[in-house]
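Quick note, the sequences are listed as chains A and B, same order.
Counting in the numbering used here, the first sequence runs from 187 upward without gaps.
Counting in the numbering used here, the second sequence runs from 19 upward without gaps.
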Amino acid sequence: MQGLFNRALENFLRQRHGPALWHRVVHRADLPFDSFEPLLRYDPALTDALISAACAELCQTRETMLEDMGTALVSHHDRDGLRRLLRFGGICFRDFLHSLEELPERARMALPDLHLPEMLLEDRAGGHFTLRAKPPFPGAGFVLIGLLRAMADDYGVLVLLDMAAPVGGFDVISILVLDESHAEGRRFDLAIGVP
Amino acid sequence: MDKGWMSTAGSCVGCITLPVAAMNQLMPMHLHLSACGRITALGPTLAKIAAQAKIGAGGALTGQDFFQLFDVRRPAGVTAMADLSARQGERLHLGLRGGDVAFRGLAMADVSGGIVLNLSFGIGVAEAVRAHALTNADFAATDLTVELLYLAEVKRTVLGELQRLNQRLQGAKIQAEEQALTDTLTGLRNRRALDLRLAQAVAGAAPFALLRLDLDRFKAVNDTLGHAAGDHILRMVAQILLAETRSGDLVARVGGDEFVILLPDLIRMPRLIAVANRIVAAIARPVEFEGHICQIGASVGLTVSTLYAPLTGDAMLQDADTALYAAKRDGRGRVMAFPDLVQER
Chain A
187 MQGLFNRALE NFLRQRHGPA LWHRVVHRAD LPFDSFEPLL RYDPALTDAL ISAACAELCQ
247 TRETMLEDMG TALVSHHDRD GLRRLLRFGG ICFRDFLHSL EELPERARMA LPDLHLPEML
307 LEDRAGGHFT LRAKPPFPGA GFVLIGLLRA MADDYGVLVL LDMAAPVGGF DVISILVLDE
367 SHAEGRRFDL AIGVP
Chain B
19 MDKGWMSTAG SCVGCITLPV AAMNQLMPMH LHLSACGRIT ALGPTLAKIA AQAKIGAGGA
79 LTGQDFFQLF DVRRPAGVTA MADLSARQGE RLHLGLRGGD VAFRGLAMAD VSGGIVLNLS
139 FGIGVAEAVR AHALTNADFA ATDLTVELLY LAEVKRTVLG ELQRLNQRLQ GAKIQAEEQA
199 LTDTLTGLRN RRALDLRLAQ AVAGAAPFAL LRLDLDRFKA VNDTLGHAAG DHILRMVAQI
259 LLAETRSGDL VARVGGDEFV ILLPDLIRMP RLIAVANRIV AAIARPVEFE GHICQIGASV
319 GLTVSTLYAP LTGDAMLQDA DTALYAAKRD GRGRVMAFPD LVQER
């Protein structure tokens, strides 16, 4: 998972902020190379160093930077892969939220040694959900918030997302679905990604 | 039809009666056929496909004859209701006439003499889903078709990533080879290693000697006995060169049968000549290769760094080369030192 995340962060920084910024981050984090391989394993400490270096170079908080990255993971039109894989989870946004619990299982179907953090969804009625996720590194919950925000847009749903106080080592995200047909949403063709 | 389904009074025992809407949810690709083979009902997904394929009268299948619209391809000979009834429980392969979508089917008789035929896509599911723009909602909630499509897409994504990784690794390998310092055939250092070491030696304070060695008659062995013999000889020569030099000396193969030896802190001519003559003598000994006796020889040209002001690696290589060619011209199998260019014994 480290390789995949590190590469995603690299892509985000390169595309959103330019290659020059990425090279400053590489330098600041003291990386022995200048690009990550998504399928290789890396020291988890590298991820933290990378995030800290990026925040310092961008003069942004960890929360802002990671949430931006989470949104870009899904909403970047050039790279449709993750959005599509997530959309397979459900017909509507609620369905998608429920599918998050089986996301680690789905990820393992894709790559047996890809371990996504465990996620637990609580449906509190009235469109209010609580998502608990064990963060693999500090701030990971904000990536999830960014990703959920972009997925809500993708489904055309209006939501309110908030990071609540962590409980027992879990990040707790509060999700309030305000309007399920707020906008048109983006089209999802089931079999377009298969030759 | 299984008679066990009927009680003596004709009422249904152990039967489940479902509203059409429920059938549609459970089996969105089912057909109900009357006893005479007319389509009396069909699931919504199948209706969507038929409408898009413009099969039937404007896509409406209800009321039409099943065998006119559908073609049972396997097993052979299923052309009437009795055949279909006889094949209950078997996997059927069928298609819409005039459409290219293929189905798998399972037929079971109902209590009224009709047949319920449930269909699914076979291995061409992705194509069918794409062609008919089917969505998640077109499949029963228990159906794993969407998971199958998910897996196919995931597989493609991961394979693409692996291919890119392989390409990058291949590129890195080529780059690593370019940066390598070892001659893979003999295990000696290569030209690049020599250039690096020579530059260091030139920049350093310690004096050193440079020795160029060319094999004599090597091409003849290569031509008559083949490359394997040639490779064998090159490895033998490498062993001799390593055995006759010190561990701090650099022994490099810089061309097909050309070698350069850099000897730090060794500039006394008599000793250098002795080393070179030992090497020439050792290489001149006949060796056996697969039953053939091969005899090659070597010529050596050498020079020492203390002759130069200013000192450059190129000049030394050039002069060692001049000495080497003088040795070859003089009859091979001999050692010459720059600038005297007379045979040294």
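We treat Cβ as the ideally placed atom computed from N, Cα and C, and that holds for glycine.
Owing to the predicted nature of the structure, the values given are computational and were not obtained by experimental measurement.
(request) Inspect the beta-carbon positions of A:Val-345 and A:Val-363 and report whether they are closer than 8 Å. (result) In the first sequence, counting from the first residue as 1, residue 345 of chain A sits at position 159. In the first sequence, counting from the first residue as 1, residue 363 of chain A sits at position 177. Closer than 8 Å, so yes.
(request) Could you pull the start and end residues of the alpha helix (DSSP H) that A:Cys-245 belongs to? (result) Position 59 of the first sequence, counted from the first residue, corresponds to residue 245 of chain A. Premise fails: A:Cys-245 is in no alpha helix (DSSP H) and is neither H nor E.
(message) Starting from A:Asp-309, trace the alpha helix (DSSP H) in both directions and tell me its first and last residue.
(response) Locating residue 309 of chain A in the first sequence gives position 123, counting from the first residue. Element bounds for A:Asp-309: not the alpha helix (DSSP H) but the beta strand (DSSP E), 305–309.
(request) Compare the C-alpha of B:Thr-175 against each of A:Ala-293, A:Ser-238 and A:Ile-361 and name the closest. (result) Position 157 of the second sequence, counted from the first residue, corresponds to residue 175 of chain B. Here the closest residue by C-alpha is A:Ala-293.
(message) Whole angstroms are fine: how far does the CA of A:Leu-271 sit from the CA of A:Leu-300?
(response) For the purposes of this step, residue 300 of chain A is identified with residue 114 of the first sequence, where counting begins at 1. For the purposes of this step, residue 271 of chain A is identified with residue 85 of the first sequence, where counting begins at 1. When rounded, the distance between both Cα atoms is 15 Å.
(message) Let me see if you follow: with CB-CB separation under 8 Å, is B:Arg-148 close to chain A or not?
(response) Looking up residue 148 of chain B in the second sequence gives position 130. With 8 Å as the cut-off, B:Arg-148 counts as an interface residue toward chain A.
(message) What residue range does the alpha helix (DSSP H) around B:Ile-297 cover?
(response) In the second sequence, counting from the first residue as 1, residue 297 of chain B sits at position 279. Per DSSP, B:Ile-297 belongs to the alpha helix (DSSP H) from 287–302.
(request) Helix, strand or coil for A:Phe-279, going by three-state DSSP, please let me know. (result) What you label residue 279 of chain A is simply residue 93 of the first sequence in a count that begins at 1. Helix, per DSSP.
(request) Look up B:Glu-179 in the DSSP assignment and say whether it is helix, strand or coil. (result) If you number the second sequence from 1, residue 179 of chain B lands on position 161. Three-state result, B:Glu-179: helix.
(message) If I measure Cβ to Cβ from A:Ala-351 and keep anything under 7 Å in the same chain, skipping five residues before and after, which residues do I get?
(response) Translated into the one-based positions of the first sequence, residue 351 of chain A becomes position 165. Counting only Cβ-Cβ distances below 7 Å, and skipping sequence neighbours, we find Val-358.
(request) Would you mind working out which of B:Tyr-326, B:Val-96 and B:Val-129 sits nearest B:Phe-226, comparing C-alpha positions? (result) Start at 1 with the first residue of the second sequence, and residue 226 of chain B comes out as number 208. Closest by alpha carbon: B:Tyr-326.
(message) Taking CB distances under 8 Å as the criterion, tell me whether A:Glu-223 reaches chain B.
(response) On the first sequence, residue 223 of chain A is found 37 positions in, with the first residue counted as 1. Yes, because at least one Cβ of chain B sits closer than 8 Å to the Cβ of A:Glu-223.
(request) Quick one: give me the first and last residue of the alpha helix (DSSP H) that A:Val-212 is part of. (result) Against the first sequence, residue 212 of chain A aligns to sequence position 26. Residues 205–214.
(message) Suppose you measure from the CA of B:Arg-352 to the CA of B:His-310; what does that come to, to the nearest Å?
(response) Within the second sequence, the letter at position 334 stands for residue 352 of chain B. Within the second sequence, the letter at position 292 stands for residue 310 of chain B. Between B:Arg-352 and B:His-310, the C-alpha separation is close to 25 Å.
(message) Beta carbons nearer than 8 Å to chain B: which residues of the stretch 258–273 of chain A have them?
(response) Gly-267, Arg-270 and Leu-271
(message) Going by the DSSP bridge assignment, what does B:Val-305 pair with across the sheet?
(response) The residue labelled residue 305 of chain B in the question sits at position 287 within the second sequence. DSSP, once it has assigned bridges, lists B:Cys-312 as partnering B:Val-305.
(message) Can you tell me where the alpha helix (DSSP H) holding B:Ser-103 begins and where it ends?
(response) Looking up residue 103 of chain B in the second sequence gives position 85. Its alpha helix (DSSP H) spans residues 99–104.
(message) Please state the DSSP three-state secondary structure of B:Gly-113.
(response) By 1-based counting over the second sequence, the position of residue 113 of chain B is 95. In the structure shown, B:Gly-113 sits in a strand (DSSP, three-state: E or B).
(request) Out of B:Leu-137, B:Leu-216 and B:Pro-93, state which residue places its alpha-carbon closest to the alpha-carbon of B:Arg-105. (result) On the second sequence, position 87 is the one that residue 105 of chain B refers to. Checking every option, the nearest Cα to that of B:Arg-105 belongs to B:Pro-93.
(message) Can you look up B:Ser-25 in the DSSP assignment and give me helix, strand or coil?
(response) Counted from its first residue, the second sequence places residue 25 of chain B at position 7. Annotation note: pLDDT 45 at B:Ser-25 (below 50); position unreliable, no value reported.
(request) Evaluate contact between the stretch 228–243 of chain A and the stretch 301–319 of chain A, counting only Cβ atoms and requiring at least three cross-stretch pairs below 8 Å. (result) no
(request) For the stretch 159–184 of chain B, enumerate the residues whose C-beta is nearer than 7 Å to any C-beta of chain A, in chain order. (result) Val-164, Leu-167, Tyr-168, Leu-169, Ala-170, Glu-171, Val-172, Arg-174, Thr-175, Val-176, Glu-179, Leu-180 and Leu-183
(request) Below 8 Å on the Cβ atoms is my guess for B:Leu-79 versus B:Ala-68; work out the distance and round it to an integer in Å. (result) Here residue 79 of chain B refers to the residue found at position 61 when the second sequence is read from its first residue. Here residue 68 of chain B refers to the residue found at position 50 when the second sequence is read from its first residue. About 5 Å separates the two Cβ atoms, so the contact holds.
(message) If I measure Cβ to Cβ from B:Arg-209 and keep anything under 7 Å in the same chain, skipping five residues before and after, which residues do I get?
(response) Taking the second sequence and counting its residues from 1, the one referred to as residue 209 of chain B is at position 191. The answer, listed in chain order, is Ala-270 and Val-272.
(request) Determine the direct distance from the alpha carbon of B:Leu-135 to that of A:Gly-250, and round the result to whole angstroms. (result) For the purposes of this step, residue 250 of chain A is taken as residue 64 along the first sequence, with counting starting at 1. For the purposes of this step, residue 135 of chain B is taken as residue 117 along the second sequence, with counting starting at 1. A small fix is needed here, since residue 250 of chain A is Thr in this sequence, not Gly. Their Cα atoms are separated by approximately 56 Å.
(request) Take B:Glu-195 and list the residues in its own chain whose beta-carbon comes closer than 6 Å to its own, dropping the five residues that flank it on each side. (result) What you label residue 195 of chain B is simply residue 177 of the second sequence in a count that begins at 1. Answer for B:Glu-195: no residue qualifies.
(request) Starting from the Cα of B:His-50, find the closest Cα among B:Thr-242, B:Asp-128, B:Gly-95 and B:Phe-88 and give me that residue. (result) Sequence index remark: in the second sequence, residue 50 of chain B carries index 32 (1-based). When only C-alpha atoms are compared, the closest one is B:Asp-128.
(request) Might you give, ordered along the chain, the residues of its own chain that have their beta carbon closer than 7 Å to the beta carbon of A:Phe-356, omitting 5 neighbours on each side? (result) Numbered from 1 along the first sequence, position 170 holds the residue referred to as residue 356 of chain A. Result list for A:Phe-356: Arg-318, Ala-319 and Lys-320, in chain order.
(message) Could you compute how far the alpha carbon of A:His-368 sits from the alpha carbon of A:Phe-282?
(response) Locating residue 368 of chain A in the first sequence gives position 182, where the first residue counts as 1. Locating residue 282 of chain A in the first sequence gives position 96, where the first residue counts as 1. Cα to Cα, the separation comes out at about 16 Å.
(request) Name, going along the chain, the residues of the stretch 358–377 of chain A whose beta-carbon falls closer than 8 Å to a beta-carbon of chain B. (result) Phe-374, Asp-375, Leu-376 and Ala-377
(message) For a test of the three-state rule: what should DSSP assign to B:Ala-53, helix, strand or coil?
(response) The residue labelled residue 53 of chain B in the question sits at position 35 within the second sequence. Correct three-state label for B:Ala-53: coil.
(request) Would you mind telling me which residues of chain B sit closer than 9 Å to A:Met-295, beta carbon to beta carbon, in chain order? (result) Stepping through the first sequence from its first residue, residue 295 of chain A is reached at position 109. Glu-165, Tyr-168, Leu-169 and Val-172, listed in chain order.
(message) By alpha-carbon positions, which one of B:Ile-285, B:Arg-235 and B:Ile-297 ends up nearest to B:Val-255?
(response) For the purposes of this step, residue 255 of chain B is taken as the residue at position 237 of the second sequence. Of B:Ile-285, B:Arg-235 and B:Ile-297, the residue nearest in Cα terms is B:Ile-297.
(message) So A:Ile-237 contacts chain B; which residues on that side make the cut at Cβ distance below 9 Å?
(response) Here residue 237 of chain A refers to the residue found at position 51 of the first sequence. Here the premise fails: no neighbours, minimum Cβ distance about 23 Å.
(request) For B:Asn-295, go through chain A and note every residue whose CB falls closer than 7 Å to its CB, in chain order. (result) The residue you call residue 295 of chain B lines up with position 277 of the second sequence. What B:Asn-295 touches in chain A: nothing, since even the nearest Cβ is about 49 Å away.
(request) Determine the closest residue to B:Val-143 out of B:Asp-161, B:Gly-131, B:Leu-359 and B:Ile-192, with distance taken between C-alpha atoms. (result) The count along the second sequence starts at 1 and reaches residue 143 of chain B at position 125. Per the Cα distances, B:Asp-161.
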